[in-house]
Amino acid sequence: MAHSFVVARFLPQLSAQWTSHYGFKKAADLVTRPFLALRVYATDIGLGDPSQPTRYAVLFVVSSQKPIGVNKDCFFALGSAVDQKYRALTVNPPISLGGRALYVHTFPKLHACFQGDVDITSSSYSPYRLDESNFHTFCHSVMEDHHNRKKLTHCPSSGGDEPVENGWDTWSGSTTTGMEYLRKPVSCVYELLEYEDPSLLDPPAIYEELLMYKQLAADYSWSGVTKAISWVKESRASTTGCEIKISPCLLTGDGEISRSSNEAFTLHSMRIPFSGDTPAADAPEEPETMGWDDEPEPDFEDVPEPRPAVPAADIKVIAFDLLGTIFDREGAIKEAMLSLAPSEYETRTSRQLLEIYVECEALKSHECPDASYVDIARAAFIDAGRHLGISSMDEVALEKALEMLLRPRLYDDAIQALKDLRVQGYALLGIPSLDLATFAQFIKPYVPPEIIIDMPCSTVASLHCQNHSVFPALLERSQSVHPRIRRAQILVVTSSPFRIIEPACSAGFPTALLRRTDNLESKVSMDTAVPALTTDTLLGLSSELGDPLLSHPAVSAEARADGSFSPFRVRSHYQVTEILGSGSFGNVLGAFHVLTGEEVAIKYEMPKDDKPDEVCVLPYEIQVYRQLRGYQAIPSVRWSGMFGGAYFLILDKLGATLEQIRRVCRGQISMKTVSILAVQMVSHPYWLTRIEFVHSRGIILRDIKPENFAMGIGRRSNFLYLFDFGLARLFVDPVTGEHIPYRSGLVGLGTARYASYNVHFGREHARRDDVEALGNILLFLLHGRLPWQGIYAPNIPAKMLRIGEMKQGKPFFDLLARSPPEFTTYFDHCRGLSFEEKPDYTLLRQIFKKKMKTEGWNDNEKYDWENAKDLEKGTLVPEEYKLDPRFVDGDLDW
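Residue numbers for the sequence shown follow full-length UniProt numbering, beginning at 1 and rising by one.
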């Protein structure tokens, strides 16, 4: 029979290999002791698949101590001479401990992996066994005890004390983050020791050790924490010595609801994806027949496979991509944008202005491929101005900016470098990169005489797209100079990896990347575009051409590490690098712009062809973003619309969310940081902020959660953003100005954990519910847990009701009693508001401003993740962590 009594010891470091490397290092500090246990197959107690060849073991602790507390009935007495009031098992031969009885605990069961190869049927570890009848009795009782223990452990209810009934569940979905989700059995690594005197093993230390390990696992293995840690480290470096000036947002009047905008009328005319209405009783419920792998995808543009650099041999012709190597186009853009940017945007760097313009120009070029470059540039300036908050552009200033753009200066080293190359005997050709009319009028007159410009009109390359026909024409033109020339003898010099190097490599031409210090496009890293050589100056090109390594370039394409994800492009210029998230109403991708390298987030949603009556959420959310634009705490929309059969929304890339940051801070955030965040979330003396601004535009959010707040990146990493408006809606009629009517009997929307208690009882959302949900978020950040998390219910509606009653009753007020008194004042105001009443944002701000003043905190205080000394447990940022040895009663409920 495949069971035996064994002596085992828990190996925390091997068990912690699945955590971050910080957890693995910390696990070495945990000292463990041997313990006595009953070892059985998991399949014998009804776990796992008996048909599978791989079978794993479960350990049950043996002790001279009976379990106590809620575990008090989860055991069997071992031996025949025991009190008959206990369940008993007979061990053969008898096992004893100095005349005292022994007990085998049926809960918790320890799922075990063993170090090295272990034969579970071997008798080398212990001679003790249960007979077959006893063993079956034990196995049957294990699952029964586990079920009863689970019911006793999880009996939170809707204000009462009724026990959880059979068949109830948490209805929380599956997740791997947070302490509440570590209740399931965890497979740990153990070693088996030579059997020794059981008296040396009492009392068992394994429970204490597993508690410590559970704390370690919770502190060091949260999902997504690695990226959040990287963000914290980068944000520290980027904000050192930087003071970010935040411009005032553009509002109408004193911030009251603006109803005159076209966006508001358009939004009002659209069907709300989630109205809260109860579905019709006769509406059939369609079963889900499509899995994630079967989901339709847009027609994305494939990214070429990485190629090694094309070797150059005996160079005879050098072809220059004129804009970026000979002419300083980026300098002209910066100068033009600075002439247009108003004084309140002086904090924008010239690089940021350049990125904005190039992106707008690329989008316009994609939308209007047949338009002249002058028209595209004019439209791009107007779009860039809107991005900066310039509502109307002065025509005189616009024409002046166009003139600056169309007459770029020669680089200082261009003339001398070209002369040096001509002296060395190279033939120099030029690739125009603009439409012929624009090029002939504005650029060609200033091209140095050393360069031959006579490429056919059909081969002119676009500034923003790859034109593969350029390269056959280039070979033909080069052969008119050197009849027998080969591709490997024609060097293409450019500052653009995407536009020139990628198609040149595909065509078999060697390339040289010119990476000037202040050039943006040349810094974009692309494994599909590998140059034969890289130079920092044009003057240095002639000396590097003599390097014999050009025939055997050292730089090669980097293999894509993750074969499970193949990069692709959206609208030609956004290269997707990772999947940031996916849900029922769209997927979120991480990408970068191939011309600027700037990171963005892309959200897309496929229309459901099989459900024509079902409204797509993303078009509605896009319109909400348009209604909210003009405010710096809302990520800017780069582009939105249809592409490849799907709706797309391209936004600024943000940093870590408040939920990720909470995990970095070991589950809780200090009152100081909570106060700073509250001031930003609700209101601020210098600018209207998140919630107040959204309400001032006639919008209520209806789904406020930590995952929808994120810090910025780079120099704005200390600035809080609000995003994700899929459930938002207008609460005023833009035609009449009237508030939406009160309704009841609605389906609860949003995230139940943070929603206001009104929502749980089917009442219509209003501004009061947004600010109350925000208060619940602040409590969650402060405590790391809310009383209604993980409660059991027979179904989702029942759970919504139970949580609502908890938020209305004793559990909520007990939470306020152990929270700073500021929260009581905050919720008194929120819950005292009538349905249509406007919250007093100034009052809510002053609650936390007063707390900050009393404690001596100011607006420039560092957040917890910037200064771990403010947190008792430290953070997960390297060199700033420590194990917290304290535990809450009942943590060990596996």
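Note that the Cβ used here is the ideal one computed from N, Cα and C, for glycine as well.
Going by DSSP, what residue range makes up the beta strand (DSSP E) through residue i?
{"i": "residue 826", "result": "From DSSP, residue 826 is part of no beta strand (DSSP E) but of the alpha helix (DSSP H) over 821-831."}
{"i": "residue 321", "result": "317-321"}
{"i": "residue 7", "result": "3-10"}
{"i": "residue 593", "result": "586-593"}
{"i": "residue 431", "result": "427-431"}
{"i": "residue 603", "result": "599-605"}
{"i": "residue 490", "result": "490-494"}
Could you give the first and the last residue of the continuous alpha helix (DSSP H) run that contains residue i?
{"i": "residue 642", "result": "Taken as a continuous stretch (DSSP letters only), residue 642 belongs to no alpha helix (DSSP H), being part of the beta strand (DSSP E) at 637-643."}
{"i": "residue 678", "result": "671-682"}
{"i": "residue 443", "result": "No alpha helix (DSSP H) holds residue 443; DSSP gives it neither H nor E."}
{"i": "residue 131", "result": "Per DSSP, residue 131 belongs to no alpha helix (DSSP H) and is neither H nor E."}
{"i": "residue 24", "result": "21-27"}
{"i": "residue 268", "result": "262-269"}
{"i": "residue 758", "result": "757-760"}
{"i": "residue 335", "result": "329-340"}
{"i": "residue 528", "result": "That residue, residue 528, is in no alpha helix (DSSP H); it is neither H nor E in DSSP."}
{"i": "residue 365", "result": "350-367"}
{"i": "residue 624", "result": "617-628"}
{"i": "residue 854", "result": "841-855"}
{"i": "residue 218", "result": "206-220"}
Compare the beta carbon distance of residue i and residue j with 8 angstroms and say whether it is the shorter of the two.
{"i": "residue 775", "j": "residue 725", "result": "no"}
{"i": "residue 443", "j": "residue 327", "result": "yes"}
{"i": "residue 206", "j": "residue 10", "result": "yes"}
{"i": "residue 304", "j": "residue 645", "result": "no"}
{"i": "residue 43", "j": "residue 12", "result": "no"}
{"i": "residue 765", "j": "residue 699", "result": "no"}
{"i": "residue 331", "j": "residue 747", "result": "no"}
{"i": "residue 381", "j": "residue 340", "result": "yes"}
{"i": "residue 594", "j": "residue 492", "result": "no"}
{"i": "residue 14", "j": "residue 213", "result": "no"}
{"i": "residue 784", "j": "residue 762", "result": "no"}
{"i": "residue 590", "j": "residue 598", "result": "no"}
{"i": "residue 16", "j": "residue 57", "result": "no"}
{"i": "residue 21", "j": "residue 67", "result": "no"}
{"i": "residue 900", "j": "residue 596", "result": "Nothing about residue 900 can be read from this structure; the chain reaches only from 1 to 894."}
{"i": "residue 770", "j": "residue 268", "result": "no"}
{"i": "residue 791", "j": "residue 777", "result": "no"}
{"i": "residue 532", "j": "residue 520", "result": "no"}
Quick test of your reading: residue i and residue j, contact by CB under 8 angstroms. State the CB separation rounded to the nearest angstrom.
{"i": "residue 702", "j": "residue 678", "result": "With a Cβ gap of about 20 angstroms, residue 702 and residue 678 do not count as contacting."}
{"i": "residue 470", "j": "residue 501", "result": "With a Cβ gap of about 12 angstroms, residue 470 and residue 501 do not count as contacting."}
{"i": "residue 844", "j": "residue 682", "result": "5 angstroms"}
{"i": "residue 811", "j": "residue 787", "result": "4 angstroms"}
{"i": "residue 448", "j": "residue 475", "result": "Actually they do not touch by this definition, with Cβ atoms about 23 angstroms apart."}
{"i": "residue 221", "j": "residue 18", "result": "7 angstroms"}
{"i": "residue 823", "j": "residue 779", "result": "6 angstroms"}
{"i": "residue 433", "j": "residue 323", "result": "5 angstroms"}
{"i": "residue 705", "j": "residue 754", "result": "5 angstroms"}
Is it buried or exposed for residue i, if we count other Cβ within 10 angstroms and need 16 for buried?
{"i": "residue 294", "result": "Low per-residue confidence applies at residue 294: pLDDT is 49, beneath 50, and the placement is therefore not dependable, though the value from the model is reported in the following sentence. Exposed."}
{"i": "residue 138", "result": "buried"}
{"i": "residue 3", "result": "buried"}
{"i": "residue 878", "result": "exposed"}
{"i": "residue 265", "result": "exposed"}
{"i": "residue 669", "result": "buried"}
{"i": "residue 886", "result": "Any answer about residue 886 is weak, because its pLDDT of 47 lies below 50 and its placement is not dependable; what the coordinates show is given next. Residue 886 comes out exposed."}
{"i": "residue 940", "result": "Outside the displayed range of the chain (1 to 894) lies residue 940, so it cannot be described from this structure."}
{"i": "residue 813", "result": "exposed"}
{"i": "residue 697", "result": "buried"}
{"i": "residue 772", "result": "buried"}
Compute the minimum distance between the beta carbon of residue i and the heavy atoms of the ligand SAH, and state whether it is under 7 angstroms.
{"i": "residue 446", "result": "This structure does not include the ligand SAH; it has no bound ligands of any sort."}
Are the stretch 479-491 and the stretch 372-387 in contact at 8 angstroms, needing three or more beta carbon pairs? Below 8 angstroms, too few C-beta pairs join the stretch 479-491 and the stretch 372-387 to call them touching: fewer than three.
Kindly confirm or deny that the stretch 652-659 and the stretch 628-642 touch, where touching means at least three C-beta pairs closer than 8 angstroms. These segments touch.
Using a Cβ distance threshold of 8 angstroms, determine whether the stretch 667-678 contacts the stretch 846-865, with at least three qualifying pairs required. Flag = yes, the stretch 667-678 and the stretch 846-865 touch.
State whether the stretch 70-79 contacts the stretch 129-146, with contact taken as three or more CB pairs (one from each stretch) at a distance under 8 angstroms. Judged by Cβ distances under 8 angstroms, the stretch 70-79 makes contact with the stretch 129-146, as three or more pairs qualify.
Are the stretch 391-401 and the stretch 345-361 in contact at 8 angstroms, needing three or more beta carbon pairs? No, they do not touch.
With contact counted as at least three CB pairs below 8 angstroms, one residue from each stretch, are the stretch 617-627 and the stretch 308-319 in contact? Not touching, per the Cβ criterion.
Is it the case that the stretch 228-239 contacts the stretch 25-39, given that we only count it when at least three CB pairs across the two stretches are under 8 angstroms? Under the Cβ criterion (8 angstroms, minimum of three pairs), the stretch 25-39 does not count as touching the stretch 228-239.
Mind the definition here: the stretch 517-533 touches the stretch 486-500 only if three or more C-beta pairs lie below 8 angstroms; say whether that holds. Taking a cut-off of 8 angstroms for Cβ pairs, the stretch 517-533 and the stretch 486-500 touch, as three or more such pairs fall below it.
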